[in-house]
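Before any comments, here is the structure.
Number of protein chains: 2
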Amino acid sequence: MKPIRVGLLGIGTVGRGTWDVLQRNASEIRRRAGRPIRITMVADREVAHAKKITGGKVKVTADAMQVVCSPDVDIVVELIGGDRVARTLVMEAIRHGKHVVTANKALLAKHGNAIFSAAQKKGVMVAFEAAVAGGIPVIKALREGLSANRIEWIAGIINGTSNFILSEMRDKGLPFETVLAQAQQKGYAEADPTFDIEGIDAAHKLTIISAIAFGIPMQFEKAYTEGISKLTRKDIEYAEALGYRIKLLGITRRAKKGIELRVHPTLVPASRLIANVEGVMNAVLAKGDAVGATMYYGAGAGSQPTASAVVADLVDVTRLITADPEHRVPHLAFQPDQLSSTPILPMGEVQTSYYLRMRVVDRPGVLADITRILAAARISIGAMVQKEPAEGEAHVDIVLLTHQAIEKNVDTAIARIERLATVVGQVTRIRMEELL
Amino acid sequence: MKPIRVGLLGIGTVGRGTWDVLQRNASEIRRRAGRPIRITMVADREVAHAKKITGGKVKVTADAMQVVCSPDVDIVVELIGGDRVARTLVMEAIRHGKHVVTANKALLAKHGNAIFSAAQKKGVMVAFEAAVAGGIPVIKALREGLSANRIEWIAGIINGTSNFILSEMRDKGLPFETVLAQAQQKGYAEADPTFDIEGIDAAHKLTIISAIAFGIPMQFEKAYTEGISKLTRKDIEYAEALGYRIKLLGITRRAKKGIELRVHPTLVPASRLIANVEGVMNAVLAKGDAVGATMYYGAGAGSQPTASAVVADLVDVTRLITADPEHRVPHLAFQPDQLSSTPILPMGEVQTSYYLRMRVVDRPGVLADITRILAAARISIGAMVQKEPAEGEAHVDIVLLTHQAIEKNVDTAIARIERLATVVGQVTRIRMEELL
Chain A
1 MKPIRVGLLG
11 IGTVGRGTWD
21 VLQRNASEIR
31 RRAGRPIRIT
41 MVADREVAHA
51 KKITGGKVKV
61 TADAMQVVCS
71 PDVDIVVELI
81 GGDRVARTLV
91 MEAIRHGKHV
101 VTANKALLAK
111 HGNAIFSAAQ
121 KKGVMVAFEA
131 AVAGGIPVIK
141 ALREGLSANR
151 IEWIAGIING
161 TSNFILSEMR
171 DKGLPFETVL
181 AQAQQKGYAE
191 ADPTFDIEGI
201 DAAHKLTIIS
211 AIAFGIPMQF
221 EKAYTEGISK
231 LTRKDIEYAE
241 ALGYRIKLLG
251 ITRRAKKGIE
261 LRVHPTLVPA
271 SRLIANVEGV
281 MNAVLAKGDA
291 VGATMYYGAG
301 AGSQPTASAV
311 VADLVDVTRL
321 ITADPEHRVP
331 HLAFQPDQLS
341 STPILPMGEV
351 QTSYYLRMRV
361 VDRPGVLADI
371 TRILAAARIS
381 IGAMVQKEPA
391 EGEAHVDIVL
401 LTHQAIEKNV
411 DTAIARIERL
421 ATVVGQVTRI
431 RMEELL
Chain B
1 MKPIRVGLLG
11 IGTVGRGTWD
21 VLQRNASEIR
31 RRAGRPIRIT
41 MVADREVAHA
51 KKITGGKVKV
61 TADAMQVVCS
71 PDVDIVVELI
81 GGDRVARTLV
91 MEAIRHGKHV
101 VTANKALLAK
111 HGNAIFSAAQ
121 KKGVMVAFEA
131 AVAGGIPVIK
141 ALREGLSANR
151 IEWIAGIING
161 TSNFILSEMR
171 DKGLPFETVL
181 AQAQQKGYAE
191 ADPTFDIEGI
201 DAAHKLTIIS
211 AIAFGIPMQF
221 EKAYTEGISK
231 LTRKDIEYAE
241 ALGYRIKLLG
251 ITRRAKKGIE
261 LRVHPTLVPA
271 SRLIANVEGV
281 MNAVLAKGDA
291 VGATMYYGAG
301 AGSQPTASAV
311 VADLVDVTRL
321 ITADPEHRVP
331 HLAFQPDQLS
341 STPILPMGEV
351 QTSYYLRMRV
361 VDRPGVLADI
371 TRILAAARIS
381 IGAMVQKEPA
391 EGEAHVDIVL
401 LTHQAIEKNV
411 DTAIARIERL
421 ATVVGQVTRI
431 RMEELL
């Protein structure tokens, strides 16, 4: 059969991986897809570099618009990142009736609704396995593999940089800044690491996961996002002593009044498999009402792992390219006219349990004041650890683990505790999840 | 749109789960599939029981042949198990142009080639996600999610009963027989547990995994199968002390001279995620050349988890039911005319590393004899532990961990070691895998 012709936008890290995988595994991929998949055009600002990689075998241009309009391209692979130029190019590709494969989570989290709607009208596919958790086929698992289930919740380690930093902080007892610098040296973190360490990248991916799990539109702007930059070794150690690990989790849950959509550091029981996912690896834990908990683990980033997902999407699109749209998996797992209007729950309404650490004057009555404030806010305590003060120290750490409580009540209680004359500085609050 | 009409063969544990999930999540499933999926006919030997479950809403018969021939059935779900009657029914269903969904691993491992070939000719789909690892969408992950990869190897905990027994033996220090009896009481093991504990069930599943990973026909008869019934607490403890866990793994690997296909107890480094999969849970670890290692974890059996996979297959089949066969995923991941003839490697040719335990007379020169035999068979030793003899004991345990060696050389060496006058009884040999 005639080869499928792919136009590649961007031949950086993932683009290079995609090129390599399609070359190296050409025969394996053709045996699966039933026809060859060939990159026929590449757009990259660095034309010379792109020509070097592709060895003069394909047309190379600096003008991406040429690729998305070309009659010689069946599928456009968008790997340039960002959400401005990429949006224009993807929309233009769709307008020209091209199918699109993208690894761009920011683009989809922010403009996915418009993009899928345009694709729907035009009858083309937009595939995005590579946008979440790199090479792990988690979009496929959630959208197709668990289609029998009412999804209850999903919790994921979906930012490798943060997980690497937390693993190293725990493993080597190093402070955040030191490990961040190491991660930057190793190329695991960008020069400006904000997107990764402040949970924004994870929130992009979580937005996509949430949409396909619950059949709701993308609502990135409603995601609660808190990163790991304020985490201390001390909290990691206290958590450890209590039998927990701290992970940056993206959590989305079907609660009574709405869908939770939140990224934040989270205490997880150390015995859970996901608590033992270390380094730059990713893992997504999904709970369905029929299947129970399932987990998907693997490399969440990197050239060839991400290319693995891009090429898997190319195979899927190739297989269905001449099929009626009704034979295709809907973009957001649910038929486009069947999306749900369940709202995203404001963070204040979220119910979970908490790790609270405070530094107090070592004097009788202090604990009584604190527990009275918590009780008044309807927060009950599950466990408490009071550290012995160090020699000559006037202050002591108290760590409390609460039962389930409502976030806004915890906010109120923390504000009151911080106003106590016997409490020094701020209360550290880290959310806890049992993940059962 | 018109509902898809499903004929259910067998409404036992999984059949009941399938009925329940389709009822409970009918709206969720319709929102995904684009049309309702409805069981319209049920065949079960216990007609009264089946009528009770289905509440008189559908036609119930004791004659399964009626269902597979019925013009009112679009998809036949085969959940009766076994490989005789099931084979006849599935082949008959295909002959009548029905699509088939089955959870029957024994059927596919033994007769899959004939079944898929018949389905291919007739242009119908045979879906079997539920046949491997219950609710975990691992067939989908391997067949579609990793389609960009040349798969290097797959290692799976794919029998929950065995994993439960091994977990309990390690956790509670109990002997095999005691834990097996407990597993039988809990309903995790059958009255005749042979299929589970001797690795046969795992070998059925591994045969299917191997076929879709490497694009080869089903070759169950060539699988090497060794169960857990001879494992002792002692070996579990020694392994633990050396930093390993013992798991019953199904392993299939692309080696130089052929495909490895083997089920046996295996020492795995305790730090590996898969070594920490406990109880009845399943996990499949797959290594692709682009993606690296990925893992899929969840409930490998049970009524609703398995039904989750059956219903996911129903949704997939529903989506593609009127599509041309070329739009469908090939049964064995590769196009039917593209299967590979790479042979299954005989167990003697497999290369791996080994845990060897022997009981010897506590006397100088014994170890020298043993190491001489190993060296002669080109087996090098990576680690050795000699236990101090207990008070008044004339015998002592020696545990050796070897580097990579060829199985037939190890067989030879073991036979020679067992002939030494200073070695008491048999040498215990357990294979080891790094899984990196």
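Respectively, the protein sequence lines represent chains A and B.
When the letters of the first sequence are read in order and numbered with the numbering used here, they come out as residues 1 to 436.
When the letters of the second sequence are read in order and numbered with the numbering used here, they come out as residues 1 to 436.
For every residue, glycine included, the Cβ atom is placed at its ideal position computed from N, Cα and C.
When DSSP states are grouped into helix, strand and coil, histidine 403 of chain B belongs to the coil group.
C-alpha of alanine 413 of chain A to C-alpha of leucine 142 of chain B: approximately 49 Å in a straight line. Bridge pairing for alanine 127 of chain B: B/Val101 [DSSP]. When the Cα atoms are used, glycine 302 of chain A and isoleucine 75 of chain B turn out to be separated by approximately 41 Å. Taking 9 Å as the cut-off, the beta carbon of arginine 431 of chain A is found closer than this to the beta carbon of proline 265 of chain A. If only complete runs of 4 or more residues are kept, the region 129 to 196 of chain B shows the alpha helix (DSSP H) at 160 to 172 and 176 to 186, in order along the chain. Excluding its 5 nearest sequence neighbours in each direction, proline 217 of chain A has C-beta neighbours in its own chain below 7 Å: Asn113, Ala211 and Leu339, listed in chain order. Distances from the CA of serine 271 of chain A to each of A/Leu356, A/Gly215 and A/Arg245 were compared; the closest alpha carbon is that of A/Arg245.
Less than 9 Å divides the Cβ of methionine 125 of chain B from the Cβ of valine 100 of chain B. Rounded to whole angstroms, the separation of the alpha carbons of lysine 287 of chain B and alanine 323 of chain A is 31 Å. Residues of the same chain with a CB within less than 6 Å of the CB of lysine 110 of chain B, apart from the 5 flanking positions on each side, are Asp83 and Phe220 in chain order. Partner residues in the beta bridge of aspartate 397 of chain B, as assigned by DSSP, are B/Arg359. Residue pairing from DSSP places threonine 225 of chain A in a beta bridge opposite A/Val263. For glutamate 237 of chain A, the enclosing alpha helix (DSSP H) stretches over residues 233 to 241. A straight line joining the alpha-carbon of glycine 134 of chain A with that of threonine 306 of chain A spans about 4 Å.
Against leucine 273 of chain A, the close residues of chain B are Leu273, Asn276, Val277 and Tyr297, in the order they occur along the chain (beta-carbon pairs closer than 8 Å). By the beta-carbon neighbour count (other beta carbons within 10 angstroms, threshold 16), valine 60 of chain A is buried.
Shown here, arginine 245 of chain B sits in a strand according to DSSP, grouped into three states. Under the Cβ criterion of 9 Å, proline 346 of chain B is not counted among the residues facing chain A.
Between the region 404 to 421 of chain A and the region 387 to 396 of chain A, the count of Cβ pairs shorter than 8 Å is below three; the stretches do not touch. DSSP places glutamate 28 of chain A inside the alpha helix (DSSP H), whose first and last residues are 26 to 33.
Secondary structure of glutamate 78 of chain A (DSSP, three-state): strand.
Distance from the CA atom of glycine 227 of chain B to the CA atom of valine 263 of chain B, rounded to whole angstroms, is 8 Å.
In the DSSP assignment, glycine 298 of chain A forms a beta bridge with A/Asn282. Only those residues of the region 121 to 140 of chain A whose C-beta falls short of 7 Å from the nearest C-beta of chain B are listed: Gly135, Ile136, Pro137 and Lys140.
Spatial neighbours of isoleucine 11 of chain A in its own chain (CB-CB distance under 7 Å, excluding positions within 5 residues in sequence) are listed in chain order as Trp19, Val42, Asp44, Ala50 and Ile53. Judged by beta-carbon spacing, alanine 155 of chain A lies beyond the 9 Å limit of leucine 242 of chain A, meaning their Cβ atoms are not closer than that value.
Contact annotation: the region 150 to 166 of chain A touches the region 277 to 287 of chain A, with at least three C-beta pairs closer than 8 Å.
Cβ-Cβ distances below 6 Å link alanine 64 of chain B to Leu9, Ala43 and Leu89 in the same chain, with the five nearest sequence neighbours on each side left out; the list follows chain order.
At least one CB atom of chain A sits nearer than 9 Å to the CB of arginine 24 of chain B. Beyond the five residues adjoining it in sequence on each side, lysine 140 of chain B comes within less than 7 Å, by CB distance, of Glu129 in the same chain, given in chain order.
If you draw a straight line from the Cα of asparagine 104 of chain A to the Cα of valine 138 of chain B, it is about 25 Å long.
A distance of 9 Å or more separates the beta carbons of aspartate 196 of chain A and alanine 203 of chain A.
Within the DSSP secondary-structure output, valine 310 of chain A pairs in no beta bridge. Secondary structure note for alanine 211 of chain B: its alpha helix (DSSP H) is the uninterrupted segment 200 to 214.
Contact between proline 336 of chain B and proline 330 of chain B holds, since their C-beta atoms are separated by about 6 Å, short of 8 Å.
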